[in-house]
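Here the protein sequences line up with chains D and S, keeping their order. Residue 364 in the working numbering sits at position 352 of the first sequence, with consecutive numbering throughout. Residue 76 in the working numbering sits at position 64 of the second sequence, with consecutive numbering throughout.
2 protein chains.
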Amino acid sequence: MKQSQLFAKTLKNPPNDEFSQGARLLTQAGFIQKLSSGIYSFLPLGFLVLKKIENIIREEMNAVGGQELLMPALHPKEIWEESNRWSAADYLYKLKDRQKKEYVLGATHEEIIVDIARKRIFSYRDLPLALYQIQTKFRDELRAKSGLLRTKEFSMKDLYSFHADEKDFRKYYEKVKEAYFKIFTRCGFKDIIVAEAAGGIFTKEYTHEFQIPTEAGEDNIVFCPKGDYAKNREISDKTKGDKCPVCGARLEEKRAIEAGNIFPLGTRFSEPMRLNFIDKNGEKKLVIMGCYGIGLGRVLGAAAEIHHDEKGVIWPEEIAPFKFYQDLRGRGIEALYDEREGKTAGEKFADADLIGIPYRMVVSEKTLQRSSVEIKKRDKQNINLVKIKDIKNFKF
Amino acid sequence: MKQSQLFAKTLKNPPNDEFSQGARLLTQAGFIQKLSSGIYSFLPLGFLVLKKIENIIREEMNAVGGQELLMPALHPKEIWEESNRWSAADYLYKLKDRQKKEYVLGATHEEIIVDIARKRIFSYRDLPLALYQIQTKFRDELRAKSGLLRTKEFSMKDLYSFHADEKDFRKYYEKVKEAYFKIFTRCGFKDIIVAEAAGGIFTKEYTHEFQIPTEAGEDNIVFCPKGDYAKNREISDKTKGDKCPVCGARLEEKRAIEAGNIFPLGTRFSEPMRLNFIDKNGEKKLVIMGCYGIGLGRVLGAAAEIHHDEKGVIWPEEIAPFKFYQDLRGRGIEALYDEREGKTAGEKFADADLIGIPYRMVVSEKTLQRSSVEIKKRDKQNINLVKIKDIKNFKF
């Protein structure tokens, strides 16, 4: 195939049907394309970023002993009836097949993982266990208007843990909390608030949300600047200016994006679905569970909301589709990324020369096959083929 | 987490609701678990195999210039009406959201990729282009009874190519055909028949199916043993014993599994959806398209159907979840893989010694962290820590 360039075709104008600045930039630059309200494709550039986020999450999940599997999206009605959730949420997509059998499209997978566990966990020797997947979820959202921040279909990492007792669960819960900090830090978020929140259709207990402060967020977080208190405003009996119940400092309030959440499930699912095990004393007990989610597209969307200027998104290094641009900027070198469509390399070189750009860096399929880029000085004829790993040390 | 073993818990008995031998073995050995008819989870062991198949496919798709992206599963009715396919197939899952908007769950993605292409392809300079995804498809199957061979939800690689003319398309079609041979060969299939077939709801032209011969297959292929003729019996006017129209040899007939298919789409989608480009002479023309599918679960299922003995699946080397066992067997060394549940390592060692197994190989989280296994001779005390890459050369 002659196609020597990445399919990263920019649009001349930003889309007129996106309200969030991040989604406008991501669409115009060729990272994503909206199919319908709350439903997006990740184009090759966006897919590269999504894969980087996925790999960061996978590494950190494996590091806390998570084992990856893959569960289906089509769930038969009967299994959601077992946990009494079939009618518990109005955001579930339901459908019938041509034999009139009813299904729900998985918005979450507690029922499915418990069904797997109850067929293969029998003894305390089988515990603890942590299983996760990176898989597509569906939610019938009414307010799908913030680009990737609230979508009807989204790729999610969902981890489920199984424990013999509450103490073991709590220890693991804290471990995952640390792993989440690592994930969000690696994805380039410096400011992360862990806020208490309601459990929704999952549990009556409080849960924890990982909130990234930004005006583009849809949640409001009441928090202590010293880190002693943080709650989603939905469940907080305090507000901005009130005293922190722990340290007395004045509470603040910020809009934020919920990028992840962790839930103590207790026996919410193991009881109705009969997930038991035989403990060391030969007694039958209910398995204690936790679940832990991260929306991949939401992380990508949050990164775009938080890290951009008027020219476009400024990707945090570890999730950038290409790093040259970041490397250069990090070294204080002002770089112009010529990504115009309908221009030949020759036309671009001519323009670069006309404007007087002092250095020209060329990346092509040919140079990438040699893991290299071409660098040429404006006023010299010779072209340097420089290995990508050596760009950082190249003497401009 | 103390969980030092892979969640590969075998069942005592094979499931009584699977008709295919492959699905029975895969379930009993902990590779897959059925949730409902035609709907499966891939457990950690099965997920490892699925990922290996995925990576083989990805490598070969990238090698023919394919660029990976990710499209959604929820498709609004309107876009399937544009191509006149909304009512074209009774195996489509359809649903309504709470605002009564109608969707189809993608059984294929021609409409979505054409929508992406028509927003970003304008000129002959944008062609050719090849985009693919590895994503979940849905089909309301009535005959979901052959384990992974025919499922209602399945992971599929679908590649779409875009060309300025028929000649360029044909060249690329042959290139993908070769890539498919590479993929199926790497996945361990030695016998592959490329058969002509009907185009279904995709095209009126003939298409090509990659058929893997096995009694467990659901298709019947009439073919020339010299390779001069091969058609799905559904469209063949010849039968077993007839003469090959090319070389005169007696035709044969075999049952087979369709593991992949390639379709010349022509302007079937670009015409109704107005995917045009401006050619070198400034004329507006329709883009010529092809599409190319491979079902990942079906490849896994086919491998299990074809490669097993009474003890279990014998994975082809490149898609095996772990290779030690295969390595040993390949060297003619009879190996016993002690995968019994509810037994401690000590109990297993004792049994191995009791039976008199001459060598013991131990793989644990600890040894894997050092990319190694422990090997101990029955009658010696010392334990050798051997790098996995060196097992092949270890002197037993």
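Glycine included, C-beta positions come from ideal geometry on N, C-alpha and C.
Could you work out which residues of chain S lie near residue i, taking near to mean beta carbons separated by less than 7 Å?
i	result
D/Arg411	Residue 411 of chain D falls outside the range modelled here, since chain D spans only 13 to 408, and no answer is possible.
D/Thr148	Ala85 and Thr148
List, in order along the chain, the chain D residues whose C-beta lies closer than 7 Å to that of residue i?
i	result
S/Met83	Ser53
S/Arg110	Asp102 and Asp152
S/Phe19	Gln79, Leu141 and Leu143
Taking the alpha-carbon positions, what's the residue i to residue j distance?
i	j	result
D/Glu80	S/Leu86	25 Å
D/Lys389	D/Ile395	8 Å
D/Val134	S/Leu47	A small correction: the amino acid at residue 134 of chain D is Phe; Val does not occupy that position in the sequence shown. When rounded, the distance between both Cα atoms is 19 Å.
S/Lys14	S/Tyr136	Reliability of the predicted coordinates at S/Lys14 is poor, the pLDDT of 28 falling under 50, and no value is obtained from them.
S/Lys392	S/Lys378	22 Å
S/Ile400	S/Ser383	6 Å
S/Phe196	D/Ala119	34 Å
S/Ser49	S/Lys112	28 Å
D/Ile180	S/Ile51	According to the sequence displayed, residue 180 of chain D carries Asp and not Ile. Computed Cα separation, rounded: 33 Å.
S/Lys360	S/Asp350	7 Å
D/Lys238	D/Cys259	8 Å
S/Lys292	S/Tyr115	39 Å
D/Asn288	D/Ala191	28 Å
S/Asn96	D/Thr226	43 Å
D/Ser16	D/Ser376	Only weak support exists for where D/Ser16 lies, its pLDDT of 38 falling under 50; the coordinates are left without a value.
S/Pro328	S/Lys64	11 Å
S/Thr148	S/Gly294	39 Å
D/Asp102	S/Pro88	20 Å
S/Asp127	D/Lys255	54 Å
S/Met168	D/Met285	32 Å
D/Leu154	S/Gly78	36 Å
S/Leu57	D/Val325	39 Å
S/Ile318	D/Tyr371	58 Å
D/Arg245	D/Asp231	8 Å
Against residue i, what residues of chain S qualify as contacts under a CB-to-CB distance less than 8 Å, listed in chain order?
i	result
D/Leu62	Leu82
D/Lys131	Leu23 and Gln45
D/Ile124	Leu47 and Ser53
Once DSSP output is grouped into helix, strand and coil, what is the label at residue i?
i	result
D/Ile124	helix
D/Glu80	strand
D/Asp29	coil
S/Gly324	strand
S/Thr379	helix
D/Gly399	First, the residue type needs correcting, since residue 399 of chain D is Lys and not Gly in the sequence shown. Three-state result, D/Lys399: strand.
D/Lys63	helix
S/Glu246	coil
D/Glu386	strand
D/Phe193	helix
D/Gln230	What sits at residue 230 of chain D in the sequence shown is Glu, not Gln. DSSP places D/Glu230 in coil when its eight states are reduced to three.
D/Asn273	strand
Using a threshold of 8 Å, state whether the C-beta atoms of residue i and residue j are closer than that.
i	j	result
D/Leu143	D/Ile125	yes
D/Ala35	D/Gly313	yes
D/Ala268	D/Ile233	yes
D/Gln33	D/His220	no
S/Pro242	S/Glu208	Note on identity: in this sequence residue 242 of chain S is Ala, with Pro being the wrong assignment. Yes, Cβ-Cβ distance for S/Ala242 and S/Glu208 is below 8 Å.
D/Lys164	D/Arg151	yes
S/Leu38	S/Ala228	no
D/Phe19	D/Leu55	yes
S/Tyr185	S/Pro140	no
D/Tyr218	S/Asp109	no
S/Gln40	S/Ser53	no
D/Phe166	D/Arg310	yes
Cβ closer than 8 Å: which chain D residues qualify as neighbours of residue i?
i	result
S/Phe361	Simply none; closest approach about 16 Å.
S/Pro56	Gln79, Glu80, Leu81 and Leu143
Who are the neighbours of residue i on chain S, taking C-beta pairs under 9 Å?
i	result
D/Glu165	Pro84, Ala85 and Leu86
How would you list, in chain order, the residues of chain D whose beta-carbon sits under 9 Å from the beta-carbon of residue i?
i	result
S/Phe193	Correct list: empty, because the minimum Cβ distance to chain D is about 18 Å.
S/Phe59	Gln79, Glu80, Leu81, Leu82 and Gln145
S/Phe181	Residues of chain D passing the Cβ test: none, with the nearest at roughly 12 Å.
Closer than 8 Å is the cut-off here; do at least three beta carbon pairs connect the segment 296-307 of chain S with the segment 158-177 of chain S? Taking 8 Å as the limit for Cβ pairs, the verdict is that the segment 158-177 of chain S does touch the segment 296-307 of chain S.
Is the segment 262-275 of chain D in contact with the segment 302-313 of chain D, if contact means three or more CB pairs nearer than 8 Å? Yes, they touch.
Any contact between the segment 147-161 of chain S and the segment 193-213 of chain S? By contact I mean 3 or more CB pairs, one from each, below 8 Å. With the rule of 3 Cβ pairs closer than 8 Å, the segment 147-161 of chain S does not count as touching the segment 193-213 of chain S.
Below 8 Å, how does it come out for the segment 19-34 of chain S and the segment 63-72 of chain D: are there three or more Cβ pairs, yes or no? No, because fewer than three Cβ pairs between the segment 19-34 of chain S and the segment 63-72 of chain D fall closer than 8 Å, the two stretches do not touch.
Is it the case that the segment 248-260 of chain D contacts the segment 92-101 of chain D, given that we only count it when at least three CB pairs across the two stretches are under 8 Å? Short answer: they don't touch.
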